[in-house]
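First the structure, in the form of structure tokens, and then the observations on it.
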Amino acid sequence: MFKHLFKLIWNKRKQNFLFLSEILVSFLVIFAVFSFLTYYYQNYSKPLGFDYKKVWSIYYENGELTKNRDSLAIFYENLNKSLKSMPQIEEVTFSSGNFPYSDSFMSTGLTQNGKKFNMVSHFVVGTDYKKVWNVSLLEGRWFMPEDLVSKNKGIVINETLKKAVFGNTNATGKLIGDYDDKEKMKVLGVVQDVKSNGDFAPAGNAMFVQLDSGYYRDTHNILIKVREGADANFESQLYKFMATSVKNAVEIKHLDQMRDSKNGVTIIPMVIFIIIASFLIINVALGLFGVLWYNINKRKAEIGLRRAIGASGNSVSNQLIMEAMILATISLIVGCFFAVQFPLMSVFNIPASAYFIAILLSVIFIYVLVLLCSLYPGKQAAAIHPAIALHEE
Amino acid sequence: MLKNYFKIAIAVLKRRKFFTFISLFGISFTLTILMVATAFMDKVLSPDYPDYKRNRSLYVTSMEFKNSKEGWMNRSDVSYYFLDHYVSTLKTVQKIGISSSAKASNAYVNNKKLVIEYKYTNADFWNILEYKFLEGKAFQQREIDNAELVAVISEETKKDYFGDEQNVIGKYISADNINYRVIGVVSNVSKTLQNFCADMYIPYTLSKDYKSTNLMGGFGAVLLAKSEADLPKMKREYDLMIKKVPIPKDFDRLYCNADPYFASMTRRIAGDGTNDGLTKAISIISLFVLLFLLLPTINLVNINITRIMERSSEIGVRKAFGASSKTLVYQFIIENLILTFLGALIGLVLSVIVIYLINGANIVSNMRLSMNFTVLCYSLIACVFFGLLSGVYPAWRMSKLNIVKALKAQ
């Protein structure tokens, strides 16, 4: 039976060629949409890893502060104390500019046994950073103030980095080289992954370093966790206090709002993309439907003859649906050949699993689409009455 | 002749309504998206409020230091010192408008938080850019020299900060704990004009870093030439001047370009110090448009072929009576163009609706898209292009039809 169908298709290769290319291109479009959706969904389904709801960030210009290292340390200590003494504030920490949702990136490299790990996000954080964000610890411990004077600089790494460097073994207490392997750093603990670039981006490799007084001159950000009842009134007081303390420009932001805008950067283009793609698909579906319908009308005589010599209505409509499915299969084989190149060459840094799921979903989608488009024309063909069809001849 | 083609085209369209619907749906939707995209590009690229003098302006936005041996790179906005000390001495520059990148500050009014983005500017900034003053006026050199605490605010800020008050000149607005006296209110500027949109504008002498003698800082400039013809001369003089700027230690190259508006944008997105990214940006955009057009085109070709084959008897008869292939191809392309234009008309209505929705939703702050003459022109070109793209192949296939076969089919 398949041999016959192939012969029929081959006889009309010129007409079928356009049909094939249309399915091929639609498959590629669907594949692109599904790749992104799968990738985003995979990231979205992972836990966030921290609490952002009650966290505010305070950015300030530090140009007017003293340049003397010791008096700067005293200034920061006092600032920390006065902030903490406010009843609405639960926790306070200083941080480098690349705190979660901040649109700022700092990365470095690490070396372990001669192997390089690049693009490791580098967070410089105060001792209470963990309390502000409520990050959970998987093994080891978080920083303590005494760590600043230890021989090897202590670092805390995240789960992804731990898996990349140490595999499934324990990382706590092990040494790891910095980007040119000159200095060794000691892993104090491992924290859960933190999706700091929004719900749809992976956590990536990350390491935390404790902020020491040498870094104060480059510090521009305070993160605070507020209690219930911290309202705009309190915020304006806090703002005045900060502006008088640093004698310079200050900006307070709420992390939940920053999260919304960070997610918006992913969601808005995605929604536009999906709308355009679905219009394209509706367009294609209508086109396929029209072409199949027309073809059946043209083959009335052939179908009528088959019916006259005893083929059932079902077998006629099955034949037509099978023809369409075989055409779809041919296109999908070519399409998959192109699609498979993406995971093989790991384009765009999207994990291979996302691509394979996307290929599977797109194949199913195209089959369902072609099936739906050929059902009605097939049914119409089955309804052809042999006498009428042959009479026309 | 054309009239006949038109009549035939309409008759064919009426014959199979379902196919007509599919074709028109595909065409109108494709052109809607192209038109909205064109309206957006037009908003970004053509001279717009308040920056009307783009044809005789160059824009200085960023500076790049490089260490070619070690591969280090440092890129940032330029400093006020650089603009004042080097750029403003150029002879071909008629005026130089300096403004800082926007800085955010918070204000608290009636227990509500306001984010105020402010820019530092010089006096000529107000002479080059044609801001529309709803109240008051801009600050002049005198206020700048005295470092007076005065501010020009946008209409939006006025509404958010002062509510429904009619006249706000002379009132005070507080940002960063400093009270500024409002001396002017200007119409809102679209967020797409990053160099010129802000909620509040204040004299540059109030900034903390304008005295620093670093080359990099937080400023940018628009350079105005005397006339459009002077632009290349100004660019040459500027490039010569850049060669003489001392390069900071640790680096061996310095790039800082004065670009026309479009190039200054593409350089920021796709280029670097040596390459303005123009070719790259244009090729990426055209590739994207072509890929987007691919699917609707194949679909339309498919449908067109089906429709044309339906008319094989008509074609056979016309051929038998001596119509040349060329005439037939010509006829079918015209018919397809008529179809495309019908689709474009529907698309036009749809895109006006979409643009209305986009403006209503205020997706990009203060951006108002519009259907103007330029957008219509580009849409017309897109429409003809699309019509030809989808009409030529079916017409060619049809013209190759064998007379005997065509007639035998009946």
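Residue numbers (the working numbering), protein chains in the order written: chain A, 254 to 646; chain B, 3 to 412. All residues carry an ideal CB built from backbone N, CA and C; glycine is no exception.
Sequence-distant partners of Ala635(A) (beyond 5 residues in either direction) whose C-beta falls short of 6 Å from its own C-beta, in its chain, are Gly566, Val569 and Ser570.
Taking the C-beta atoms as reference points, Leu195(B) is found no nearer than 7 Å to Lys97(B). Asn306(B) counts as buried, since at least 16 other C-beta atoms from the protein chains shown sit within 10 angstroms of its C-beta.
The residues Glu66 and Tyr257, in chain order, have a CB closer than 6 Å to that of Gly275(B) in the same chain once the five nearest residues on each side in sequence are set aside. At least one CB of chain B lies nearer than 7 Å to the CB of Phe532(A).
Under the Cβ criterion (8 Å, minimum of three pairs), the region 471-486 of chain A does not count as touching the region 421-429 of chain A. Within 9 Å of the CB of Asn486(A), the CB atoms of chain B belong to Tyr110 and Asn113, in sequence order along the chain. Using a C-beta cut-off of 8 Å, the region 369-386 of chain A makes contact with the region 346-355 of chain A, since at least three inter-stretch Cβ pairs fall below that distance. Residues of chain B with a Cβ closer than 7 Å to the Cβ of Ala502(A) are, in chain order, Lys105, Ser107 and Asp178.
Annotation for Leu92(B): no beta strand (DSSP E) segment contains it, and DSSP assigns it neither H nor E. Rounded to whole angstroms, the gap between the alpha carbons of Asp484(A) and Lys506(A) is 13 Å. Runs of the beta strand (DSSP E) lying entirely within the region 211-266 of chain B and spanning at least 3 residues, in chain order: 221-227 and 255-261. Taken through DSSP and simplified to helix, strand or coil, Ile276(A) comes out as helix.
In this chain, the beta strand (DSSP E) harbouring Met460(A) covers Ala459 to Gln463. Residues of chain B with a Cβ closer than 8 Å to the Cβ of Ile527(A) do not exist, since the nearest Cβ in that chain sits about 13 Å away. Taking a C-beta cut-off of 9 Å against chain A, the contacting residues of the region 299-324 of chain B are Ile300, Asn301, Leu302, Val303, Asn304, Ile305, Ile307, Thr308, Arg309, Met311 and Glu312, listed in chain order.
Taking the beta carbon of Gly316(A) as reference, the chain B residues within 9 Å of it are Lys210 and Asp211, listed in sequence order. Within the region 13-29 of chain B, those residues whose Cβ lies closer than 7 Å to any Cβ of chain A are, in chain order, Phe20, Phe21, Ile24, Phe27 and Gly28.
Here DSSP, grouped into helix, strand and coil, assigns Glu555(A) to helix. For chain B, none of the residues of the region 356-369 of chain A brings a beta carbon within less than 9 Å of one of its beta carbons.
At least 7 Å separates the beta-carbon of Ile586(A) from that of Leu258(A). In this structure, the straight-line span from the alpha carbon of Val188(B) to that of Ile357(B) is close to 25 Å. The residue among Ile562(A), Phe542(A), Leu573(A) and Ile574(A) with its C-alpha nearest the C-alpha of Thr308(B) is Phe542(A).
Put simply, the CB of Leu625(A) is far from chain B, with every gap to its CB atoms at 7 Å or more. For the pair Ile100(B) and Ala223(B), the CB atoms are nearer than the 7 Å cut-off. Rounded to the nearest whole angstrom, the CA to CA distance from Tyr629(A) to Val600(A) is 40 Å. Taking 8 Å as the upper bound for CB-CB distance, Ala346(B) and Cys385(B) are in contact here, some 4 Å apart. Taking a cut-off of 8 Å on C-beta distances, the region 299-306 of chain A does not touch the region 330-350 of chain B, as fewer than three cross pairs fall below it.
In the three-state scheme derived from DSSP, where H, G and I count as helix and E and B as strand, Pro49(B) is classed as coil. For Leu233(B), no Cβ of chain A is located within less than 7 Å of the residue's own Cβ.
Judged by beta-carbon spacing, Ser627(A) lies within the 7 Å limit of Ile574(A), meaning their Cβ atoms are closer than that value. Excluding its 5 nearest sequence neighbours in each direction, Ile24(B) has C-beta neighbours in its own chain below 7 Å: Ile305, listed in chain order.
Note that the region 5-19 of chain B does not touch the region 348-357 of chain B; fewer than 3 beta-carbon pairs, one per stretch, sit closer than 8 Å.
Under the three-pair Cβ rule at 8 Å, the region 359-378 of chain A does not count as touching the region 277-297 of chain A.
Residues of chain B with a Cβ closer than 8 Å to the Cβ of Phe272(A) are, in chain order, Asn304. Nearest to Asn190(B) by C-alpha distance, out of Thr207(B), Arg370(B) and Val406(B), is Arg370(B).
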